[in-house]
Every structure is written in structure tokens, then in C-alpha cells.
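Down below is the structure, laid out as C-alpha cells.
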Amino acid sequence: MTIAENVALVRGNMDRAAIAAGRDPKEILLLAATKMNDASRIREAIAAGVDLCGENRVQEMLEKQAQGAYAGVPLHFIGHLQKNKVKQVVGLAELIHGVDSQELLSVISRVAQAKGLTQDLLLEVNIGGESAKSGFAPEEIPQALAWAAALPAIRVRGLMAIPPICAAPEENRPFFLRMKQLFIDNSEKKYDNIRMDFLSMGMSGDYTEAIACGANLVRVGSGIFGPRQY
Ligand SMILES: *Cc1c(COP(=O)(O)O)cnc(C)c1O
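So the sequence shown is numbered by my numbering: it starts at 122 and just counts up by one.
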């Protein structure tokens with residue numbers, strides 16, 4: 122299968138999952154998780170119609186950005202962002218997924234303010250309550266939004282989650298449904314710099330389940346590029 126064929130297949134699956142859930146397929150974005158794929162493969166995915174690219178590692182993102190790998194689509198940062206790398210990501214990534222602490226919110230805001238811009242981001246939720254995973258606990262989200270609301274140079278645009286690794290995609294449904302409820306519950310809060318636009322969840326193994334449960338941004342890597350060569 123070529124990258125273009127894979128993108129068509131994924132998009133077809135996304136559209137069917139959306140329609141089956143009574144949703145408009147056009148409201149769901151396909152992010153290509155491009156880690157470990159080079160610029161030419163990324164360009165193939167963009168030509169095939171992915172909506173966004175997402176990178177995990179700052180250095181890899183900077184190198185490929187310098188090669189023009191992401192031309193034509195917005196670039197997101199989807200990895201675990203270390204505080205000492207915030208400077209390199211703010212302003213380059215249109216959206217930073219996975220912001221997981223009050224301190225990281227503050228650092229991003231400080232760096233964005235120094236650069237004279239406002240940085241969009243998503244709060245990461247540790248929806249499975251896993252000790253090895255980062256993210257706010259679901260019940261901490263109202264507090265995290267209050268912290269974010271007090272910062273001058275960030276905008277919260279939604280939530281993201283990586284549920285626990287499950288044997289079958291259906292097993293993720295309870296986590297995805299909890300995320301959807303959390304998204305709805307916290308959309309009612311009225312802060313100037315918080316707009317719950319994006320619910321980022323679902324990867325190659327479970328993106329149709331995520332869409333059935335309300336995701337409007339899915340992050341697909343191996344489903345587009347094939348297995349990663351480590
Ligand atoms: C790699 C990655 C993905 C995509 O994973 P696949 O299983 O290859 O689709 C999605 N989200 C994040 C945060 C990732 O790091």
C-alpha cells in the first residue's frame with residue numbers, strides 16, 4: 122500500500138464512522154503523526170490530503186521544518202514537551218497537544234509573551250489514571266482551566282488523551298466517552314482565552330472508536346505510513 126492509498130483508506134473509515142454516529146465527516150480532522158518519517162514521505166501524505174502534521178520530538182521537527190516538510194498544512198506538536206524546549210516550539214507549532222502541568226502552562230505563556238504571540242494548546246487528560254502517563258486527572262481540568270485563564274499569552278483550544286493500551290479497540294470506548302463528557306462539561310465555563318474546539322483522541326488502532334465517541338481530531342501514524350522502523 123502506498124501512503125496515498127493508506128490516507129484514502131483512513132479517510133474512508135473516518136467518514137463511515139462519522140456518518141454512522143450521525144456526524145458530519147467534514148468536522149473531523151486527520152492529523153498525520155509523522156515521527157520517524159522523512160520529509161518526502163510527509164509530503165506524500167500532505168499531497169494525499171491529510172489536514173495536519175504532528176511531531177513528537179523537537180529536534181526532529183526542527184530538522185524537517187527546515188526542509189519544508191510540512192508545507193501546505195498546519196504543524197502541531199503532539200509529544201511530551203520539556204520545559205527547556207518550549208522556546209523552540211512556541212510559535213512554530215500552531216497547536217501544542219499534551220500540556221500536562223500548571224508549570225508548563227506558565228512557561229509556554231511566558232515564552233509566547235516574550236515572542237509577542239498567543240500560543241494555542243490542548244490540555245492532556247490522563248483518562249486511564251495511569252501512573253506512568255502524564256496529563257491532568259479528569260477532576261483537575263476545571264482548576265487547570267482557571268490557571269490557564271489567568272495567563273496572558275495562551276489559548277486553550279480543547280483536550281487530548283491517550284487512553285491505556287487495550288487488547289481490542291472497543292475497550293477504549295469507556296475512556297473516549299469519559300473524555301467526551303469532560304469536554305462537554307468544561308465547555309460551559311466562560312473564560313476569554315478558552316474555547317473548547319478540539320477533542321484530540323484516537324490513533325491508528327482505535328480512531329473509528331474515537332470518532333464514534335466524539336473525537337474531532339484523530340492522530341494517525343502507522344495507519345498512514347506503515348509500521349515505524351526503530
Ligand atoms: C505516534 C503517535 C500517534 C500515532 O500512533 P499510531 O499508533 O502510529 O497511529 C498518535 N498520537 C501520539 C501522541 C503519538 O505519539
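In this text, a Cβ means the ideal position worked out from N, Cα and C, and glycines have one as well. Since the model is a prediction, treat every value here as computed from it, not as a measurement.
heavy atom of ligand 1 below 8 angstroms from residue i C-beta
i              : result
methionine 300 : no
serine 325     : yes
isoleucine 199 : yes
glycine 219    : yes
glycine 342    : yes
lysine 156     : yes
asparagine 177 : yes
arginine 349   : yes
isoleucine 248 : no
For residue j and residue i, believed in contact at Cβ under 8 angstroms, the rounded distance
i                 : j              : result
phenylalanine 198 : isoleucine 167 : Wrong, their Cβ atoms sit about 17 angstroms apart, outside the cutoff.
isoleucine 248    : alanine 282    : 4 angstroms
leucine 243       : serine 161     : Not a contact, Cβ separation roughly 29 angstroms.
glycine 256       : glutamate 245  : 4 angstroms
Close beta carbons around residue i, own chain, < 6 angstroms, minus the five adjacent residues each side
i             : result
aspartate 172 : Leu150 and Leu151
glutamine 240 : Val211, Ile229, Ala233 and Ile275
tyrosine 191  : Cys174
lysine 185    : Ala160
lysine 301    : Cys334 and Gly335
Helix, strand or coil at residue i according to DSSP, with G and I counted as helix
i              : result
leucine 320    : strand
glutamate 184  : helix
valine 128     : helix
arginine 340   : strand
isoleucine 167 : helix
glycine 133    : helix
glutamate 176  : strand
* Asked: What runs of the alpha helix (DSSP H), each 4 residues or longer, lie entirely inside the region 216 to 303?
  -> Listed in chain order, they are 223 to 236 and 262 to 270.
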